[in-house]
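Here's the structure we're looking at; comments come further down.
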Amino acid sequence: MSIQETVRSAVSVEERNKKTIRAVFDTFVNRGDFSIVEEIYSPDMVDHQPLPGAPEGLEGVKYTIAGLREGFPDLHVTIEDMSAHGDHVVIHNTWRGTHRGEFLGMPPTDRYIEFQGVVVWRLLDDGLIAERWGIGVESNMLSVLGMRRLAPSSRGAARAAARRTVEPATVLLPLPEGGAARWKDVQAEFSGPRLREYEASRRRAGILQESFALQRLGDRDVLVHRVEARDPAGAAKRLGQSRDAFDVWLREAAAGALGADPWEAFAAGNAGEQEHAWSSVTSELSSAA
Numbered sequence: 218m219s220i221q222e223t224v225r226s227a228v229s230v231e232e233r234n235k236k237t238i239r240a241v242f243d244t245f246v247n248r249g250d251f252s253i254v255e256e257i258y259s260p261d262m263v264d265h266q267p268l269p270g271a272p273e274g275l276e277g278v279k280y281t282i283a284g285l286r287e288g289f290p291d292l293h294v295t296i297e298d299m300s301a302h303g304d305h306v307v308i309h310n311t312w313r314g315t316h317r318g319e320f321l322g323m324p325p326t327d328r329y330i331e332f333q334g335v336v337v338w339r340l341l342d343d344g345l346i347a348e349r350w351g352i353g354v355e356s357n358m359l360s361v362l363g364m365r366r367l368a369p370s371s372r373g374a375a376r377a378a379a380r381r382t383v384e385p386a387t388v389l390l391p392l393p394e395g396g397a398a399r400w401k402d403v404q405a406e407f408s409g410p411r412l413r414e415y416e417a418s419r420r421r422a423g424i425l426q427e428s429f430a431l432q433r434l435g436d437r438d439v440l441v442h443r444v445e446a447r448d449p450a451g452a453a454k455r456l457g458q459s460r461d462a463f464d465v466w467l468r469e470a471a472a473g474a475l476g477a478d479p480w481e482a483f484a485a486g487n488a489g490e491q492e493h494a495w496s497s498v499t500s501e502l503s504s505a506a
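Using the numbering used here, the first residue of the sequence shown is number 218, and each one after it goes up by one.
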């Protein structure tokens, strides 16, 4: 609702903005309804305290909440107090949940957590959310879990801190005859209709970023496979041992296309950093379609 529409309906801008922020928690965070994201967030929304590894914009918003809900399936946030000041809304809230899923590479502990924080939001004239600042939310949560702080006060610093704890690893896999075409079909599946399952799988394993690049070297095709994780070998071992239906499907489909499980080399520690710069999994997969 624009300012003009707000005036005509006798609803103040502050009340409109407060209603939007309530929807963030009531519908998106607590119920996991991701369909509301495009309705209430600006396309170039900036979250100053995302989860490490989150992309820019709306995909980053979804990534952060999906990661939290993956780690804490019963996550629920209660707004204790809310005030609006022009185009800003300030809330004091309480976060509660049970650590039953992988979170930032940390295996489930079944620990119930409860912590509080303050969040400041800025909304645009059209009522869409433009920016978010968490004050004490991330640090309080990590403290309760016994983890050191990974998300400092600015987006740039957050990513820098995350990168300092991340190890990159790369392997080159020679492909059998016809392997490149078969791999493209597998990629199209997990980057399209099964993308949500793929993203959840990487979070469970502790992989923050993954890319695949088909290259022609001499007279044969190779796949350049790169992962970034705090422990690439450990993440690959978790994928290899997982009995999750998607993980089993992807291992089998990849082995059928490539002639080998592409994560086995990482699990065995047969991967090393190379002098290449590869794009993120999102852009890499979209370009391979």
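For glycine and all other residues, C-beta sits at the position ideal for the given N, C-alpha and C.
| Check | Outcome |
| --- | --- |
| Reference R286, options V230, A417 and R239, closest by Cα | A417 |
| M262 beta carbon less than 7 Å from that of I346 | yes |
| Host beta strand (DSSP E) of I346 (start-end) | I346 to I352 |
| Distance between beta carbons of L475 and L554, contact taken as under 8 Å | For the chain, the structure presents residues 218 to 506; residue 554 sits outside this window and is missing. |
| Cβ neighbour criterion (16 or more within 10 Å) applied to E355 | buried |
| Alpha helix (DSSP H) segment containing G253, residue limits | According to the sequence provided, residue 253 is Ile. The question's Gly does not apply to it. Counting along the chain, I253 falls outside any alpha helix (DSSP H), and DSSP gives it neither H nor E. |
| Cβ neighbours of R349 in the same chain (closer than 6 Å, five flanking residues each side left out) | D264 and W338 |
| Delimiting residues of the alpha helix (DSSP H) encompassing D402 | G396 to F407 |
| Outcome for K235 when other beta-carbon atoms lying within 10 angstroms are tallied against a minimum of 16 | buried |
| Contact between the stretch 414–434 and the stretch 456–473 (3+ Cβ pairs under 8 Å) | yes |
| Alpha-carbon to alpha-carbon, I308 and E297 | 7 Å |
| For R313, the nearest candidate out of T326, P325, I330 and H305 (CA to CA) | I330 |
| Own chain residues within Cβ distance below 8 Å of R225, not counting five before or after | Reliability of the predicted coordinates at R225 is poor, the pLDDT of 41 falling under 50, and the value obtained from them is presented with this limitation in mind. There are no such residues. |
| For V441 and A386, believed in contact at Cβ under 8 Å, the rounded distance | That pair is no contact at about 12 Å. |
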